[in-house]
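Sequence order for the protein chains is A and B. When we follow this note's numbering, the leftmost residue of the first sequence carries the number -19, and every step to the right adds one. When we follow this note's numbering, the leftmost residue of the second sequence carries the number 90, and every step to the right adds one.
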Amino acid sequence: MRWISNLWFRLRATFSPRRMERDMEEEMAFHMEMEMKKLVRDGVPPGRARREALRNFGDPLRQKERARDAWGIRWIQDLRSDTRQTFRSLRRNPGFASVTILTLSLGIGGTTAIFSVLNGILLKPLPYQDPDGLVALTHTMPGIDVPKAPLGPALFRTYREHARSLQAIGLWRALTRTVTELAEPERVEVMEVTGSLIDLLGISPFLGRGFTAEEEEPGSPRPVILSYGYWRSRFGGDPDVLERTIRVEGVESPIIGVLPPNVRIQDSDPSFLVPVRLDPDQGVGSWNFEGIARLAPGFSPSSASAELSALTPLACELYPGIALDELERRGFGTVATPLKAEVVGDTGKVLWVVFGTVALVLLLACTNVANLFLLKTDGLARDVALRRALGASRERLFRQNLTESLLLGVAGGLGGVALAWGGLRLLLRIAPPSLPRLVEVGLDAPTLLFSLGVTLAVGVVFGFLPELRRGGAPLVDSLNDGGRAGSTSRVRNRVRNLLAVVQVALALVLLAGSGLMIRTFLALREVPPGYERPAEVLTFRISIPGTEAPTADDAARAHQEILGRLAGLPGVTAVGAAYSVAMEGWEPVENVIVEEFPVTEGEPNPLRVLDWISPGYFHTLQTPLLAGRPFDWADAREHRHVAIVSETFAKGFWLTPQEAVGKRFRMDNADEWKEIVGVVGDIRSRGVTEEPPGVLYFPLVMEALWGPPGYVHTERDLRYTIRSARHRATDLLPEVRQAVREVNPRLPLSSVQTLDAIFAASISRTTFTLTMLGIAAGVALVLGVVGVYGVISYLVAQRRREMGIRLALGSTSGQVGAMVLRAGGRLALAGIVLGGLLAAALTRLLTTLLFGVSPLDPLTFAGVTASLLAVVLLASYLPARRAAGLNLTETLRGD
Amino acid sequence: MGTQKPDMIKGTLDMLILKILSLEPMHGWGISEQIQQISREALQVNQGSLYASLHKLTREGWIRSYWEVTENNRRARYYTLTRAGEKQLGLEAEHWDRLASAVARIMALS
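Quick look at the structure:
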């Protein structure tokens, strides 16, 4: 119990010190009175008795001090008085305080915001049980220029039975499905998974159970496991949901489970899960699943990759499909990548660049604050020396400095966290959609710990700074030199100049970086994407399920009907649809054999991208038809063996697009020949920075490229494109929905976007980096200019007398002004040389983010150097003009 | 001030205060008077450090204080022993006994 009374006592002493003091005084006064009375009783005269009592007691002030020491709160009182004094001194100097706090807030806020992104995406472990043992499985076929391909089901079976390096293995793929009879018909993201995947990630269902092996066999109705969010939003969190069903693609499906909240499978967030159905007869040769596995103890990703790749011959034997020697020709292999690396991908690069940028800004902010502190220390040198002479201990003075810098640091830190909170919101809004794990980004404990660390480091460093500077200065000198230039201040000036040079240099680095990103951005805008005025094109997906249109022809007719209705809407100039519109990220690929150019055995045959399109598609995008004719609906209706090819494909075989028309190709030797009826301009479907692929476009309905002979295939899920010259394409949406509903009320529109937004998303990585670098460079420029201005102004103030004398000796005011300007110019030049070297070394890190510009682009470097020089000279011009305007007599009489 | 009185042995003041308070609650001046009287002026309490000691003992929870009016109608702060204080007094007394007899044995050597 002792510690309780102890604590209670200290709390009272801390929070009601006045009462404690009053009690103590009264107690001691009582003591003196009693002592005096006793002495008088003993016969001492009253006058002497008072003196004697006082002597017996000792100095009351000192006794009180000793009693207070016994309260055990001495340090709190000191802290309080230090803090009070700090507040007082900061109030006397509000400019210093506010500039310091603001500068630190900017620096700390920026780094905190970016660190939280970095932490959420790169540093945090994945939210699964024992995530370090998880790997993603992919194939690689360098022989045909495919660095990375999805996992094949036949290989999955082989690994499941025979791989020793894997403890468990699961498959998944993302799909979209139409759900009806729940509310409005809707198209939702779902995921096909094996039951093993749920187990190996360590996910235990919130309600119900996972998938069993039988449910992965073809035949029985496919059960569904709802995500927590979908269960809450569509089933109102119904606890009896396991007795209900859900209609998916028109098929009644039993609900067997609900996932726990916040489950994401490799960064996607499906509405529900359905079991994977593997065709038992499917051989090696199709690659269409994502694989996730848990390594067996003792295996690393690379040793597992080696073992899995060695199982390829066995897979070919067990599940015949593509011949083993064909796989060998492709350089076929299997790669196990740590799951986190797979999820994060190459975003790390951008994030580290941005983080480095912001860290530079923090550094800049700190040099500025350091400069302010130095100025202040110099201003206070006499004051401090006086206090030391009066007996303040060096330790106490140091503690006061530390209190002050910590207080400023904490204020800056608080401002920084507030700024980070706001900045993060902005950041997440402009962040590229390709950034993974964004849901895990926030101001969480590690982030706050980070900013606390930065804050304390800043506070402590600046607390020590005056100590270091003051270090050698002897007491008497400081008192004598009257605060004017002494021997030590030359050293100090040098430090200040150095800081200003560093600031200019850092500003140049950041300006060069953002200059390069601006050039990249402009270069990207220059690249023709293959379509015109994308802001006018509204796009969305519609899928026609088998329950609405049983045959391929029915489905195509349904699409045709909808397209016809949309074309009639007022203001619409063209409509079309395609399996995959530019830059959506999916592309089915296949080898082709061109009639005139037989493929010789063993020679690489590049994969071509396939797409299925409606008539009017190219007209809608305004992609030019270079030769031949576009499709008409008869091509699809009659299953004609025709194709339109892209310019890149045509140029690979013939000199002009015209020559390609009428030529024939096929997919393999058993296939029908397909005639090229048209050639269209290239569309940069892989993003503007990538070369356009060779593309083969087919009508919506055709004899299947894969599958049994005579089987007719159509793509039921199409992206519609509608061009309208109206002000904003999205204004059309209500009329579009109405038109679709009139054709068939059970068809939901999904993933509504303008073509422009798809384009913007494809260059969002550049825009994001550019924005971040731009903001950083702007802040850096301001801080750098403030730094130079401060140093030059100080120089002018310090050398007023000297300048006055020069003026008196006949220098013109122009000469004096020029002298100041030269000092500024020297700083700027030194900073620019240093910054140029730094920038040349650092912009190399940007190389992968740049496009159409070299990291040492002379134009950019010249431009930013010139503008920085101009700004710095301007910053020193103002003090120079002040120097030139000095009044002679006033200056000399001044001090 | 006349004869040199021996200094209070370090750390014994706390024990003496506890002892005096174990007899009856007392104010600061009373405690110093009692110590001097009982020791027949052999022990001189440094009156100032008395209060540092009293505040420290209060903080430790061995004594507590309250305000009361004296016989002479003066308000004074009285200190009284707590249960923890009694236990502490026992410990210190025992310790003192051991120390004192050890010193006495050595001094008794002829």
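From the three backbone atoms N, C-alpha and C, an ideal C-beta is built for every residue, glycine too.
Among A:LEU344, A:ARG64, A:ARG779 and A:THR138, the one whose alpha carbon lies nearest that of A:VAL481: Stepping through the first sequence from its first residue, residue 481 of chain A is reached at position 501. Ranking A:LEU344, A:ARG64, A:ARG779 and A:THR138 by Cα distance to A:VAL481 puts A:LEU344 first.
A:TYR511 (DSSP reduced to helix, strand or coil): The residue given as residue 511 of chain A occupies position 531 in the first sequence. DSSP places A:TYR511 in the coil class of the three-state scheme, outside both helix and strand.
Candidates A:SER145, A:VAL264, A:LEU366 and A:GLY393: closest to A:THR83 by CA position: Mapped onto the first sequence, residue 83 of chain A falls at position 103. Residue A:GLY393 holds the alpha-carbon nearest to the alpha-carbon of A:THR83 among A:SER145, A:VAL264, A:LEU366 and A:GLY393.
Cutoff 8 Å; reference A:GLU194; Cβ partners in own chain excluding five residues on either side: Residue numbering aside, residue 194 of chain A sits at position 214 when the first sequence is read from its first letter. Only SER200 meet the Cβ criterion.
Alpha-carbon to alpha-carbon, A:ALA93 and A:ALA339: Taking the first sequence and counting its residues from 1, the one referred to as residue 339 of chain A is at position 359. Taking the first sequence and counting its residues from 1, the one referred to as residue 93 of chain A is at position 113. Roughly 11 Å separates the two Cα atoms.
Within-9 Å CB hit, B:SER128 to chain A: The residue given as residue 128 of chain B occupies position 39 in the second sequence. At a cut-off of 9 Å between C-beta atoms, B:SER128 does not count as an interface residue with respect to chain A.
Reduced DSSP secondary structure (H/G/I, E/B, other) of A:PHE269: Start at 1 with the first residue of the first sequence, and residue 269 of chain A comes out as number 289. Note: A:PHE269 maps to strand in three-state DSSP.
Coil, strand or helix - A:GLY89 by DSSP: Here residue 89 of chain A is taken as the residue at index 109 of the first sequence, counted from 1. Helix.
Start-to-end residues for the alpha helix (DSSP H) that takes in A:HIS539: Numbered from 1 along the first sequence, position 559 holds the residue referred to as residue 539 of chain A. Start and end: 532 to 547.
Interface residues of chain A facing B:GLN123 [CB-CB closer than 9 Å]: Here residue 123 of chain B corresponds to residue number 34 of the second sequence, with the count starting at 1. Within 9 Å Cβ-Cβ: nothing; B:GLN123 doesn't reach chain A, min ~13 Å.
A:TRP634, DSSP secondary structure in three states: On the first sequence, residue 634 of chain A is found 654 positions in, with the first residue counted as 1. Shown here, A:TRP634 sits in coil according to DSSP, grouped into three states, outside any helix or strand.
Minimum C-alpha distance to A:LEU253 - residue among A:GLU45, A:VAL228 and A:GLY764: Taking the first residue of the first sequence as position 1, residue 253 of chain A is located at position 273. When A:GLU45, A:VAL228 and A:GLY764 are compared, the shortest CA-CA separation from A:LEU253 is found for A:VAL228.
Contacts of B:GLY174 in chain A (Cβ-Cβ under 9 Å): On the second sequence, residue 174 of chain B is found 85 positions in, with the first residue counted as 1. Near B:GLY174 there are no residues of chain A at all, since even the closest Cβ is about 11 Å away, more than 9 Å.
Residue-chain proximity (A:ARG(-10), chain B), Cβ-Cβ < 9 Å: Here residue -10 of chain A is taken as the residue at index 10 of the first sequence, counted from 1. A:ARG(-10) counts as touching chain B.
Listed by chain order, chain A residues near B:ALA131 by CB distance under 8 Å: Residue mapping note: residue 131 of chain B aligns to position 42 of the second sequence, counting from 1. Per Cβ cutoff of 8 Å: no residues; B:ALA131 is ~17 Å from chain A at best.
B:MET115 - DSSP class collapsed to helix/strand/coil: Here residue 115 of chain B corresponds to residue number 26 of the second sequence, with the count starting at 1. Assigned with DSSP and collapsed to three states, B:MET115 falls in strand.
Meets three-Cβ-pair contact criterion under 8 Å: the stretch 632 to 641 of chain A and the stretch 787 to 803 of chain A: No: the two stretches stay apart, fewer than three of their Cβ pairs being nearer than 8 Å.
is_contact[B:ILE109, chain A] using C-beta, thresh 9 Å: The residue you call residue 109 of chain B lines up with position 20 of the second sequence. By this cut-off, B:ILE109 is not an interface position.
Per DSSP, cross-strand counterpart(s) of A:VAL172: For the purposes of this step, residue 172 of chain A is identified with residue 192 of the first sequence, where counting begins at 1. Looking at the sequence itself, residue 172 of chain A is Glu, so the reference to Val does not match. Beta-bridge pairing links A:GLU172 to A:ARG153 and A:VAL254.
Range of the contiguous beta strand (DSSP E) that encloses A:ARG35: Reading the first sequence from its first residue, position 55 is the one you call residue 35 of chain A. Element bounds for A:ARG35: not the beta strand (DSSP E) but the alpha helix (DSSP H), 26 to 37.
Closer than 8 Å at the beta carbon, the chain A residues around B:TYR168: For this step, residue 168 of chain B is matched to residue 79 along the second sequence. Neighbours of B:TYR168 on chain A: none; closest Cβ ~10 Å, over 8 Å.
Pair within 9 Å by beta-carbon distance, A:HIS11 and B:GLN126: Counted from its first residue, the first sequence places residue 11 of chain A at position 31. Counted from its first residue, the second sequence places residue 126 of chain B at position 37. Not closer than 9 Å, so no.
Close beta carbons around B:GLY91, own chain, < 8 Å, minus the five adjacent residues each side: Taking the second sequence and counting its residues from 1, the one referred to as residue 91 of chain B is at position 2. Note that B:GLY91 scores a pLDDT of 38, beneath 50, so its modelled location is shaky; the value from the coordinates is reported in the next line. Cβ within range, chain order: n/a, list empty.
Minimum Cβ-Cβ distance from A:TRP332 to chain B less than 9 Å: Counted from its first residue, the first sequence places residue 332 of chain A at position 352. No Cβ of chain B is located within less than 9 Å of the beta carbon of A:TRP332.
Whether A:ALA558 touches A:LEU543 by CB criterion (9 Å): Position 578 of the first sequence, counted from the start, is the residue given in the question as residue 558 of chain A. Position 563 of the first sequence, counted from the start, is the residue given in the question as residue 543 of chain A. The Cβ atoms of A:ALA558 and A:LEU543 do not sit closer than 9 Å to each other.
Supposed close pair A:ALA623, A:TYR677 - CB separation, criterion 8 Å: In the first sequence, counting from the first residue as 1, residue 623 of chain A sits at position 643. In the first sequence, counting from the first residue as 1, residue 677 of chain A sits at position 697. Indeed they touch by this definition, with Cβ atoms about 6 Å apart.
Contact between the stretch 779 to 792 of chain A and the stretch 832 to 840 of chain A (3+ Cβ pairs under 8 Å): Flag = no, the stretch 779 to 792 of chain A and the stretch 832 to 840 of chain A do not touch.
Residues of its chain near A:PRO127, where Cβ-Cβ distance is below 7 Å and the 5 sequence neighbours each way are ignored: Counted from its first residue, the first sequence places residue 127 of chain A at position 147. Cβ within range, chain order: THR120.
Within-9 Å CB hit, A:LYS104 to chain B: Translated into the one-based positions of the first sequence, residue 104 of chain A becomes position 124. Chain B contact via Cβ: absent.
Inter-residue spacing [alpha-carbon to alpha-carbon] between A:VAL813 and A:VAL771: Counting from one through the first sequence, the residue named residue 813 of chain A turns up at place 833. Counting from one through the first sequence, the residue named residue 771 of chain A turns up at place 791. Distance between the alpha carbons of A:VAL813 and A:VAL771 is about 19 Å.
Any chain B beta carbon closer than 9 Å to A:PHE10: Here residue 10 of chain A refers to the residue found at position 30 of the first sequence. Taking a beta-carbon distance threshold of 9 Å, A:PHE10 counts as an interface residue toward chain B.
Three-pair Cβ contact test at 8 Å for the stretch 276 to 285 of chain A versus the stretch 305 to 318 of chain A: With the cut-off at 8 Å, the stretch 276 to 285 of chain A and the stretch 305 to 318 of chain A touch.
Contact under 9 Å by Cβ, A:ALA295 with A:THR138: Locating residue 295 of chain A in the first sequence gives position 315, where the first residue counts as 1. Locating residue 138 of chain A in the first sequence gives position 158, where the first residue counts as 1. With respect to the 9 Å criterion, A:ALA295 and A:THR138 are classified as neighbours on the basis of their beta carbons.
Strand pairing of A:ALA607, partner residues [DSSP]: For the purposes of this step, residue 607 of chain A is taken as residue 627 along the first sequence, with counting starting at 1. For A:ALA607, DSSP records a beta bridge to A:VAL659.
Burial state of A:GLN43 (16 or more Cβ within 10 Å): Mapped onto the first sequence, residue 43 of chain A falls at position 63. By the Cβ neighbour-count rule, A:GLN43 is buried, with 16 or more other Cβ atoms within 10 Å of its own.
Burial state of A:THR531, where buried means 16 or more other Cβ atoms lie within 10 Å: Reading the first sequence from its first residue, position 551 is the one you call residue 531 of chain A. Residue burial annotation: A:THR531 is exposed, with fewer than 16 other C-beta atoms found within 10 angstroms of its C-beta.
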